[in-house]
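Take a look at the structure below.
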Amino acid sequence: MKIAIDTEKRTISCGEGPTARTIPLFSREGFEIVSDLWVKVGWNEKYSYTFTWLGRPIIQLPEDMVRTQEVLFRLSPDVIIETGVAHGGSLIYYASLCRLMGKGRVIGVDIEIKKKNRAAIESHPLAGSITLIEGNSVDPATVAQVGSLIKPGERVLVLLDSCHTRAHVAAELEAYHGFVTPGSYIVATDGIMQDLADVPAGQPGWETDNPQTAALDFAADHPDFIPEQPAWLFDESNGLTRGVTYWPGAWLRRRASDE
Ligand SMILES: C[S@@+](CC[C@H](N)C(=O)[O-])C[C@H]1O[C@@H](n2cnc3c(N)ncnc32)[C@H](O)[C@@H]1O
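So for the sequence shown, numbering that gives the first Met the number 0 puts the first residue at 0; every next one is plus one.
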């Protein structure tokens with residue numbers, strides 16, 4: 000799509016021919032168009048591969064982490080399960096929030112935890128709040144190991160950030176949704192792949208082969224899970240309705256028992 004920004008006229012024009020339109024740059028829609036483009040260009044340049052949290056690389060868009068913090072603060076889970084550990088930055092991030100809130104621990108699952116990463120996570124000051132499990136996240140033995148660490152009555156939230164194919168995320172959703180307590184979430188991260196099919200480092204197949212599609216399929220088959228972007232806890236914006244995220248369509252809330 001052709002997008003032209005005129006900072007002097009303060010307009011943004013989109014499209015060509017009869018469907019072309021020009022809107023104010025300084026508007027909700029202007030912000031959304033600029034943000035969507037920023038997300039795509041930044042993803043291609045690996046912007047999310049530039050951050051650390053308390054010393055460990057965290058491969059996330061910071062806004063997704065701040066929004067996740069809002070949910071964790073509101074829910075105060077006992078257990079946070081994350082598939083996809085990599086360098087451990089997101090595990091450390093969730094563990095640091097647990098420590099600050101005085102409650103909760105983290106279970107991280109990865110098919111391969113590199114020696115260097117394991118050593119750094121296990122020697123981190125927050126290691127006491129983290130359990131690492133090495134294995135394919137959808138292997139029944141791995142899932143059983145995760146299950147054995149959860150005590151009856153504990154509040155659980157699950158984040159899926161391992162292999163992002165539609166098939167793998169679908170299998171993870173099936174394998175892990177039973178752990179999610181009513182009112183809590185299972186999060187199929189990185190649904191942005193759907194919008195990255197046309198960027199240089201993306202792949203055309205991602206239009207359908209992505210976590211967002213898997214989450215929608217799952218919700219259609221599991222009416223007790225609702226695709227629902229968690230509400231912002233604070234909003235004095237000029238009418239903004241959506242964030243800047245790599246996780247569109249990620250959040251699936253398990254209905255509360257009285258819903
Ligand atoms: C995107 S990285 C995780 C990033 C990490 N959550 C963070 O925020 O820093 C994806 C990880 O998933 C792991 N992975 C890929 N396929 C997997 C599978 N089938 N089961 C478990 N982990 C897998 C990879 O080894 C890799 O470390």
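By construction, the Cβ of each residue, glycine as well, lies at the ideal position given by its N, Cα and C atoms.
Please read all numbers here as calculations on a predicted model, not as lab measurements.
Straight-line Cα distance separating residue j from residue i
| i | j | result |
| --- | --- | --- |
| I22 | G107 | 45 Å |
| V38 | V142 | 33 Å |
| L239 | A230 | 12 Å |
Heavy atom of ligand 1 within 6 Å of residue i beta-carbon
| i | result |
| --- | --- |
| E31 | no |
| G201 | no |
| S128 | no |
| E111 | yes |
| N116 | no |
| A143 | no |
| G83 | yes |
| D63 | no |
| D208 | no |
| I57 | yes |
| D223 | no |
Given residue i as reference, the closest of the options once Cα atoms are compared
| i | options | result |
| --- | --- | --- |
| P151 | G127, V142 and V179 | V179 |
| F25 | A174, Y245, R104 and S236 | S236 |
| P210 | S147, T188 and P229 | T188 |
| A200 | K45, T10, M0 and G16 | K45 |
| P139 | L195, I11, L172 and T130 | L172 |
| D257 | F233, G103 and P181 | P181 |
| H123 | I4, L53, P203 and A214 | L53 |
Burial state of residue i, where buried means 16 or more other Cβ atoms lie within 10 Å
| i | result |
| --- | --- |
| E28 | exposed |
| M192 | buried |
| T51 | exposed |
Touch test, the region 68 to 88 against the region 156 to 171, Cβ-Cβ under 8 Å, three pairs minimum: yes
The region 241 to 248 contacting the region 54 to 63, beta-carbon criterion three pairs below 8 Å: yes
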